[in-house]
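Remarks on the structure that follows.
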Amino acid sequence: MIQNLFDGILVGSILSLGAIGLTMVMHMLRFANFSHAELLSVGAYVTFVFDKLLESMVPAFSQAFGGLSLTFSLIFAIILSMGVTGVSAIIIDWLVFRRIRDSAGPLSMVFASFGVALIVRNLISLIFGLKPKLYSEEITFAVRVSLDPLILIKLDQVFVLCMALVIMLIFHFVLSRTTFGYALKAVSENPTLSQINGVHLALMIRLIWLIGGGLAAVAGVFYGLNNQVSFLMGNNLVLSLFAAVIVGGIGSIYGAVVGGFLVGLASNMALLILPSGYKPAVPFLIILFILSIRPTGLFGEKK
Amino acid sequence: MIGIVSYLVFFLTMGFVMSIAVLGLNLQWGYTGLFNGGVAAFFGAGAYGLILLGGSNKAGQMIGFGLPYPFAVAGAVLLAGLLAWIVGLITTHLRHDYLAIATFGVAIALENFARNAEPITGGAKGLRGFERPLENVINDPFWFNLAYLIFVIVVLIIVYNILENIGQSPFGRLLRAIREDEVAAQSLGKSPARIRLQAFIFGSMIMGLSGALYATFYAFISPQDILPILTFQIWSMLIVGGSGNNKGAVFGTLVVWAGWVGSGWVLTQFAPVEMQLYIGTIQFIMIGLIIVLTLLIRPKGLLPEKLILSRSVARLKPE
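Order-wise, the sequence lines are chains A and B.
The first sequence begins at 801 in my numbering and counts up by one.
The second sequence begins at -4 in my numbering and counts up by one.
Structure below.
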């Protein structure tokens, strides 16, 4: 019970990070981006590559902090990967989505995003192989918080949860205190009017991809730390991310954060009554439930 | 020689079975502009439905109601329609991409259910024990498969004609009107949400029919047959052929199916040993590229949609 609660919060924090970018794109570009979850895989694998590179260049960086599988090289790798993943999101937009946006309806973009997801996912498996990877080969032991009920928590998990919260807090300050935050709000409320006030729309779209991709990269690494780095990561998470966005209400960034935690919790709590094999179907049930009682989600605005 | 002919029979049977699903998708996407991201679910509902309803009830195995074949097919189609009704009722009146997400989800949920609900679906092992109709009469597998191909072609022709008639009927024009401008259609007193739901259910039932024919051919169904890649294959077939055009849908199916089978053959023959594991991966990338490139380069497909005028208007128009 409490173990499920903790696991749910942990997975929820990862989903929240991933859902922030998805909700921004779904709101601004008005299409359900089925390839967003692949950015998590891209981020996780790019981090993996940088991590190994840095370790071999600066051996001192490979020293793990006590109890964590975290190393200096991993931290730098994550930061580099955020940039690379954000830029690859911009490149994908520039190669595919921008062109379709100009010529066809939003549903064609949904369609294209399926294609992009398929290409990215399988290119990753072609490059890195079908076998999952681990950031650290060393076994990290779980700390037994209590014996009855049995609660096991890894230090890595505590770290992931704290970092996710810190990143979301930073993003909150960016949104509520900076010109960029105001511009983002203006664009999401009325793109045309915001342009009159000097907001550069094309630049804003690029920034959204950059931020969405960067946060997705962190989410991917955290998911990888918690489980393993696999090319199926996006495939496994895509429905949960959509569930988080829909629960929170499309376009609401805070909604996506809350939605992520709720979906994470619900998915893990559902395991108390459902056999674990049914876990992949839970996000779908959440989506159906929300759409039938409150299609705008918790914080979504009525259209 | 007989090997090549029997392979050709197999190739065409599967191609035509899938083209029925593509026609169903064309009704949804091509005519009405509905995004169905879970073709595999409705195909799977038909396939599992057929084997569950038509399979014999063997001792110790609770599968199959042993219904006569036509009833089993009808039941399978209705099952797919029922699934579509549930998903459609909740989503067809909402923002358009909700349908895409919900249908994508239902495909994952159904595959998940098929994998886990072992007493009903046989779990990962799938369902065996279906006796194909007339298999006792036509003993030779070659002639049986040929007869089955002819049966599939007949079904395809019927479905094709029904859809062509819908396309030219006032209802078909209404579907396109909703696709092009929902508000305008609404202002003419039509109810887009209801019409969309009808088109969605009917299209999904056609996919269910396709699934039923698929399951009949193999006399076996497992979760491996209803993976998400099936949805993407069906999609790529429609978009390559030309959405909105039924001829294009059938043509596109054969083109992509030939590409899929052909690439599989070439890769198993010529790819180095260490690449053999990745043949599926390469084919998936191919399907993804087909979807993206067609959207970018030739969004209307090989055979673009033709302007269909009302018969009365067409008569007035000078040739």
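Ideal placement from N, C-alpha and C gives every residue a C-beta, glycine not left out.
Computed from a predicted structure; not experimentally measured.
- In the DSSP assignment, S988(A) falls outside any beta strand (DSSP E) and lies within the alpha helix (DSSP H) extending over T979 to E989.
- For the pair S1052(A) and F1099(A), the CB atoms are nearer than the 8 Å cut-off.
- Under a criterion of Cβ atoms nearer than 8 Å, the residues of chain A adjacent to Y273(B) are, in order, S925, L926 and L930.
- If you draw a straight line from the Cα of M824(A) to the Cα of G1077(A), it comes to about 32 Å.
- Of A942(A), Q957(A) and G1055(A), the smallest CA-CA separation from L950(A) is found for A942(A).
- The criterion of a C-beta distance shorter than 8 Å is satisfied by I814(A) and F1022(A).
- Taking a contact as a CB-CB distance under 8 Å, the pair G1060(A) and S841(A) does not count as one, their CB atoms being some 18 Å apart.
- For the set N997(A), G1097(A), V1018(A) and S925(A), the Cα lying nearest the Cα of I274(B) is the one of S925(A).
- Take the alpha-carbon of E937(A) and the one of L961(A): they are about 21 Å apart.
- Taking a C-beta distance under 8 Å as the contact criterion, G812(A) and A1016(A) do not qualify as a contact pair.
- With the criterion set as a beta carbon lying under 8 Å from some beta carbon of chain A, the members of the stretch 274 to 288 of chain B are T276, I277, F279, I280, I282, G283, L284, I285, I286 and V287, in sequence order.
- Sequence-distant partners of V68(B) (beyond 5 residues in either direction) whose C-beta falls short of 6 Å from its own C-beta, in its chain, are A207.
- Per DSSP, the continuous alpha helix (DSSP H) segment holding I924(A) begins and ends at P906 to F928.
- Judged by pairs of C-beta atoms under 8 Å, the stretch 66 to 81 of chain B touches the stretch 34 to 49 of chain B, as three or more such pairs exist.
- Excluding five sequence positions before and after F848(A), the CB atoms of its chain that fall closer than 7 Å to its own CB belong to K933, Y935 and V1029, given in chain order.
- If you look at I152(B), you'll find it in the alpha helix (DSSP H) that goes P136 to Q163.
- At a Cβ-Cβ threshold of 8 Å, D948(A) and L1025(A) do not count as neighbours.
- Here the stretch 219 to 228 of chain B makes contact with the stretch 25 to 44 of chain B; the two share three or more CB pairs at distances below 8 Å.
- Residues of chain B whose Cβ lies closer than 9 Å to the Cβ of S908(A) are, in chain order, L290 and P294.
- Neighbours of V916(A) in chain B, taken as residues whose beta carbon is under 8 Å from its own, are G283 and V287 in chain order.
- A contact between stretches requires three or more CB pairs, one per stretch, nearer than 8 Å, and the stretch 21 to 32 of chain B meets this requirement with the stretch 195 to 214 of chain B.
- Around the Cβ of G998(A), a 10 Å sphere holds fewer than 16 other Cβ atoms; the residue is exposed.
- Around the beta-carbon of N160(B), fewer than 16 other beta-carbon atoms lie within 10 Å, marking it exposed.
- In the three-state scheme derived from DSSP, where H, G and I count as helix and E and B as strand, T871(A) is classed as strand.
- Restricting attention to L192(B), A172(B), G236(B) and R189(B), the CA atom closest to the CA of L183(B) is found in A172(B).
- Within the stretch 17 to 33 of chain B, W24, G28, L29, F30 and G32 place their CB atoms closer than 9 Å to a CB of chain A, listed in sequence order.
- For L89(B), the residues of chain A that pass the 9 Å Cβ criterion are L1091 and P1095, in the order they occur in the chain.
- L122(B) carries a strand assignment under DSSP once its states are collapsed to helix, strand and coil.
- For V261(B), the enclosing alpha helix (DSSP H) stretches over residues N241 to F265.
- Taking 8 Å as the CB threshold, F1084(A) lines the interface with chain B.
- As a beta-bridge residue in DSSP terms, I953(A) pairs with V943(A).
- The stretch 854 to 861 of chain A makes no contact with the stretch 107 to 119 of chain B, as fewer than three CB pairs between them are under 8 Å.
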